[in-house]
Amino acid sequence: WEFTSTDDPDVGFTFSRPSIVPMKASGNSIRWAAVFGNGYNDVGSGEAKLFIVFLEDGLDGSWSSTDYVEITTGVGSTTDRNGLSTPAVVDTDGDGVADRAYAGDLKGNVWAFDLSSANSGNWDVAYKQGSNVKPLFTAPANQQITSTPVLVRNQAIPTSNANAPNLLVMFGTGQYLTSGDVTTTDTQAMYGVWDSGTDELVQSDLLEQTIGYGTTTDGVFGRTLTDYAMDFVSYDGWFMNLPDSGERLITDPVI
C-alpha cells in the first residue's frame, strides 16, 4: 500500500524513518503499525503530528478514519508551519507492546505520546492541562529538533509510580534542511531530559555541562567536557551547548 498527502494533507516531507511495532488493541489482541512523524511543509494544518498507520488496513487500497491514528500537538499553523521529526517508540512496561513515543519538532519542543490504551481513540499527547496538550520540554528559540531522540532508563533513580516512566530522553538540536540553514549560526545544544512525569520543562530546569578546549597529559589538544555530578533532586536532566559557530546536531545520537 501507499500512504501519501493525498490520503491525509497533514503528511508532509516526512524525512521520517517509521518504526514498525505491535500496538495494543481491544480484547488483548495486537495490531501492527507504522509510527512516524508527519514531517515538514505539509499542505494541511501546519501542526506537528504523529501518525500511526495500521499495516493490514491499507491492503484494500483505501484509507478510512479507522485505518490510522493522527495525534496533533496543536503547535503550528498554515502561516507558520511546524513538523514532527522521527519518533522514538518504546515499550516501558516490558510486555512486548509499544506504549509510548517521543519526538521533536521545528519549534524546539519534545513531545511524549501515550499509546498505552487498548482503545486507540485514547492515544494522545501524554501531558495535558485540561484539554490543552503540553510538551515534555521546550528548548530556547531557534533550536529546532530534526533528529530522533534516544531513550534509556534513568538508572540513577529507582523507577516508581511517582516518577514513571523514569526515562532519559536524549537529543540534539539544529536544522540542515533548507538553503538558508547553511549560514545560520544560532547556538545549538545536546540534551538529556528526564521524563519523570513533569511536563513543560525548559533549559533552566537542567544542569549545564560545558564543552571546552584543552591539552591532555600526553599532549593531545582537543575538546574537554565538564563532569558535574548529576542531582536529580535539583535538576530534571542536563544540557551542553555546542561551542562552534554553526555547529548543530542533525544525526541520531547513539547510546
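Per the working numbering, residue 2 is the first one in the sequence shown, and the count goes up by one each step.
Don't be surprised by glycine CBs; every beta carbon is placed ideally from N, CA and C.
This structure is a prediction, so every number in the text was calculated from the model and none was measured.
Query                                                                                                                                                                   : Result
What residue range does the beta strand (DSSP E) around A34 cover?                                                                                                      : I31 to G38
Taking the C-alpha atoms as reference points, what is the distance between L137 and W64?                                                                                : 31 Å
Can you have a look at T87 and say buried or exposed, based on whether 16 or more other CB atoms are within 10 angstroms of its CB?                                     : buried
Suppose only complete runs of 4+ residues qualify. What are the alpha helix (DSSP H) ranges in the region 182–236, listed by chain order?                               : none
Taking the Cβ atom as the reference point for each residue, do D200 and K135 lie within a distance shorter than 8 Å?                                                    : yes
Going by DSSP in three states, G77 sits in which element: helix, strand or coil?                                                                                        : strand
Out of curiosity, what's the CA-to-CA distance linking A165 and Q145?                                                                                                   : 27 Å
Closer than 8 Å is the cut-off here; do at least three beta carbon pairs connect the region 117–129 with the region 183–194?                                            : no
Okay, do the region 31–40 and the region 52–70 touch, 3+ Cβ pairs below 8 Å being the bar?                                                                              : yes
Does the beta-carbon distance from D68 to G62 come in below 8 Å?                                                                                                        : no
Could you work out which residue in D228, T211, G220 and T218 is closest to D245 when comparing CA atoms only?                                                          : T211
Can you list, in chain order, the residues of its chain with a C-beta nearer than 7 Å to that of Q204? Leave out the 5 residues immediately preceding and following it. : A140, P141 and F240
Under 8 Å by Cβ, that's how I've got S180 and I251 pegged, so tell me the actual separation to the nearest angstrom.                                                    : At roughly 15 Å, the Cβ-Cβ gap does not stay under 8 Å, so S180 and I251 are not in contact.
Helix or strand or just coil, what does DSSP make of E57?                                                                                                               : helix
Can you tell me where the beta strand (DSSP E) with Y103 in it begins and where it stops?                                                                               : R101 to G105
Name the DSSP bridge partner or partners of G131?                                                                                                                       : For G131, which the question treats as bridged, DSSP gives no partner whatsoever.
Using a Cβ-Cβ cutoff of less than 7 Å, which residues in the same chain neighbour G198 once the five nearest sequence positions on both sides are dropped?              : N164 and A165
Please determine, among E71, L116, N143 and A49, the residue with the shortest C-alpha to C-alpha distance to P23.                                                      : L116
Taking the alpha carbon of T188 as the point to measure from, which residue in L178, G173 and N123 has its own alpha carbon closest?                                    : G173
If we count the other Cβ atoms within 10 Å of its Cβ and call it buried at 16 or more, is F222 buried or exposed?                                                       : exposed
In three-state terms, what does DSSP make of S121?                                                                                                                      : helix
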